[in-house]
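For the sequence shown, my numbering begins at 551 and goes up steadily by one.
Quick reminder that beta carbons are idealized off the backbone N, C-alpha and C, glycines included.
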Amino acid sequence: MIGDGRIPFLDLVTPHLELEEELVSVFRDVLKTAGFVGGPMVEEFEAEFAQFCGAEYCVGVGSGTDALRLALIAAGVRPGDIVITVPNTFIATAEAISQAGARPDFVDIDEHTYNLDPRGLREYLETQCRFDSTTGGLLNLKTERPVRGIVPVHLYGQMADMDPILDLAARYNLLVIEDACQAQGAAYDSQRAGRWMKAGSMGLAAAFSFYPGKNLGACGEAGAVTTNDQGLRDRVRMLRDHGQRRKYYHEIEGYNGRLDALQAGILRAKLPRLPKWNQKRRAIARRYNELFRSQTDTIVLPCISPGSKSVYHLYVIRVKNRDQLRESLEQANIATQIHYPTPLHLQRAYSNLGYQAGDFPVAEKVAAEVLSLPIYPQLKARQQKRIAGEVVASLETRRASDRTAREVPCAAWEEHAA
Ligand SMILES: *Cc1c(COP(=O)(O)O)cnc(C)c1O
Numbered sequence: 551m552i553g554d555g556r557i558p559f560l561d562l563v564t565p566h567l568e569l570e571e572e573l574v575s576v577f578r579d580v581l582k583t584a585g586f587v588g589g590p591m592v593e594e595f596e597a598e599f600a601q602f603c604g605a606e607y608c609v610g611v612g613s614g615t616d617a618l619r620l621a622l623i624a625a626g627v628r629p630g631d632i633v634i635t636v637p638n639t640f641i642a643t644a645e646a647i648s649q650a651g652a653r654p655d656f657v658d659i660d661e662h663t664y665n666l667d668p669r670g671l672r673e674y675l676e677t678q679c680r681f682d683s684t685t686g687g688l689l690n691l692k693t694e695r696p697v698r699g700i701v702p703v704h705l706y707g708q709m710a711d712m713d714p715i716l717d718l719a720a721r722y723n724l725l726v727i728e729d730a731c732q733a734q735g736a737a738y739d740s741q742r743a744g745r746w747m748k749a750g751s752m753g754l755a756a757a758f759s760f761y762p763g764k765n766l767g768a769c770g771e772a773g774a775v776t777t778n779d780q781g782l783r784d785r786v787r788m789l790r791d792h793g794q795r796r797k798y799y800h801e802i803e804g805y806n807g808r809l810d811a812l813q814a815g816i817l818r819a820k821l822p823r824l825p826k827w828n829q830k831r832r833a834i835a836r837r838y839n840e841l842f843r844s845q846t847d848t849i850v851l852p853c854i855s856p857g858s859k860s861v862y863h864l865y866v867i868r869v870k871n872r873d874q875l876r877e878s879l880e881q882a883n884i885a886t887q888i889h890y891p892t893p894l895h896l897q898r899a900y901s902n903l904g905y906q907a908g909d910f911p912v913a914e915k916v917a918a919e920v921l922s923l924p925i926y927p928q929l930k931a932r933q934q935k936r937i938a939g940e941v942v943a944s945l946e947t948r949r950a951s952d953r954t955a956r957e958v959p960c961a962a963w964e965e966h967a968a
């Protein structure tokens, strides 16, 4: 009795029971041919997912982390390079950069969208780098390393502000790889392109994860790279399969990063449902916004730019005393998560990068205040009311002691027509 007992952060059981017959028949088909890795199911999924993203090509790989790493290498990131990203993301973004041999340099985020702040990016490029006439590119002043690329992360399901990022990338000859792992189906109204563009179609390439909890999830590990660049597609195809185009003829050293046929078949079965599932997530977000309408002096609601359609991978609010609120919700049998409690520049794994507390004040402030509430297509209105009721009740009891008006009002919090 999920509805009246504990409200889980994510319900991965119901959607799979609903599709059980279809998913089991995928497994039967795979058993019949024993084509477990690669093959026609993978190719069919690749064609369908490319079309869904409005990209020319898609290459299925083993995970979102593989997708990022292989896209970066295929795009030309070399050992010793710098690749810029944000500190408030899942560690895989930075792992992929350093495992491609590059150094992740962080740039702070926009306080409204929690995505890469294009003004911070410009400041980094203009004040911390210099033009190098021998390479024709930028060098970081401190480390003397070449700045090769940018990985904007489409966090929580909202695309980063891609137009100014792509303008800067063009000016400084930087490659852009989208981390679209949380944003399958998200869209951005590009003035540059003169139309709405889907996540995965704007950068030189993009990385998607189909980890089970993502908006489109496999029943195991899976990922994909999308691109409009045929050469890049061919290089990712080789890299995922030990650098070979033909069996046992290795043109480059590669990886084992292939996609299972079974996962591809499962993703094919689910993909036609994704637009409807994303619609449901948007409706749930609107309902939360409505339920919190009278609380905007204590809760900062998600801020979706008018030129953006979020697919609400997560519904993230901000409050002071976040840990107390989380504890009250836990007491009330409501599961929540924090995405993410410690920005990457303060993680022990990256102490070698030499950053300190205070280096990225927005990311640090936000990390202390964010709380992700349950959001998934199967979440019931009744459950949402209970969640919102508990949030409001918990905040009310502390209202007098920690009253804090939102410092930066977001005019766009009211979700525009999806
Ligand atoms: C999930 C995720 C990844 C990694 O994907 P995996 O499939 O787990 O390897 C990378 N970046 C972001 C932002 C993610 O949310």
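Alpha-carbon to alpha-carbon, residue j and residue i
i	j	result
residue 700	residue 627	11 Å
residue 788	residue 808	10 Å
residue 616	residue 888	24 Å
residue 818	residue 591	8 Å
residue 854	residue 946	26 Å
residue 847	residue 902	40 Å
residue 707	residue 653	26 Å
residue 768	residue 589	17 Å
residue 744	residue 898	43 Å
residue 968	residue 838	Reliability of the predicted coordinates at residue 968 is poor, the pLDDT of 40 falling under 50, and no value is obtained from them.
residue 885	residue 922	9 Å
residue 810	residue 859	31 Å
residue 561	residue 765	12 Å
residue 813	residue 563	17 Å
residue 577	residue 690	51 Å
Candidates the options, of which the one nearest residue i by Cα
i	options	result
residue 748	732, 819, 762	732
residue 671	588, 851, 637	637
residue 703	696, 694, 695, 715	715
residue 631	693, 597, 641, 578	693
residue 538	896, 923, 757, 943	In the structure displayed, the chain extends from 551 to 968; residue 538 sits before or after that span and is not available.
residue 594	669, 607, 568	607
residue 841	939, 821, 569	939
residue 741	735, 765, 766, 712	712
residue 914	580, 566, 664, 691	664
residue 863	735, 874, 586	735
residue 639	718, 894, 795	894
residue 866	598, 880, 849	849
residue 568	820, 773, 719	820
residue 572	816, 641, 695, 647	816
residue 675	870, 720, 920, 793	720
Range covered by the alpha helix (DSSP H) that runs through residue i
i	result
residue 636	No alpha helix (DSSP H) contains residue 636, which DSSP labels as neither H nor E.
residue 721	712-722
residue 783	780-789
residue 830	824-841
residue 875	872-881
residue 647	642-649
residue 668	668-677
Cβ neighbours of residue i in the same chain (closer than 8 Å, five flanking residues each side left out)
i	result
residue 912	658, 659, 660, 661, 667
residue 755	621, 624, 625, 727, 728, 775, 776, 777, 779, 782, 786
residue 891	917
residue 553	Reliability of the predicted coordinates at residue 553 is poor, the pLDDT of 46 falling under 50, and the value obtained from them is presented with this limitation in mind. Closer than 8 Å at the Cβ level, and outside the excluded window around residue 553, lie 930, 932, 933.
Contacting residues, own chain, Cβ-Cβ under 6 Å from residue i (five flanking each side not counted)
i	result
residue 723	687
residue 746	737, 739
residue 963	In this prediction, residue 963 has a pLDDT of 47, which is less than 50 and means its spatial position is unreliable; what the coordinates show is noted afterwards. Excluding sequence neighbours, residue 963 sits near 851, 853.
residue 596	608, 610
residue 557	884, 924, 933
residue 725	625, 699, 754
residue 750	603, 605, 730, 756, 776
residue 878	944
residue 966	Low confidence applies here, because residue 966 scores a pLDDT of 45, under 50, leaving its location unreliable and the question unanswered by this model.
Residue interval of the beta strand (DSSP E) (run including residue i)
i	result
residue 608	607-611
residue 603	First-last for residue 603: 590-603, but that is the alpha helix (DSSP H), not the beta strand (DSSP E).
residue 867	865-868
residue 700	696-700
residue 623	It is not in any beta strand (DSSP E) - residue 623 instead sits in the alpha helix (DSSP H) that spans 614-625.
residue 738	737-740
residue 774	773-777
residue 727	725-729
residue 688	687-690
residue 818	It is not in any beta strand (DSSP E) - residue 818 instead sits in the alpha helix (DSSP H) that spans 811-820.
residue 922	920-923
Minimum Cβ-Cβ distance from residue i to chain B less than 7 Å
i	result
residue 932	Annotation note: the requested chain B is absent from the structure, which comprises a single protein chain.
Sequence-distant residues of its chain with Cβ nearer than 7 Å to residue i (five each side left out)
i	result
residue 650	619, 622, 623, 627
residue 791	804, 808
residue 909	895
residue 823	none
Using 8 Å as the Cβ pair cut-off and three pairs as the minimum, do the stretch 824-831 and the stretch 923-943 touch? Touching, per the Cβ criterion.
Check whether the stretch 600-620 touches the stretch 757-766, taking contact to mean three or more Cβ pairs, one atom from each stretch, closer than 8 Å. Because the criterion of three Cβ pairs below 8 Å is met, the stretch 600-620 and the stretch 757-766 touch.
Touch check for the stretch 829-845 and the stretch 933-940: three-plus C-beta pairs under 8 Å? The stretch 829-845 is in contact with the stretch 933-940.
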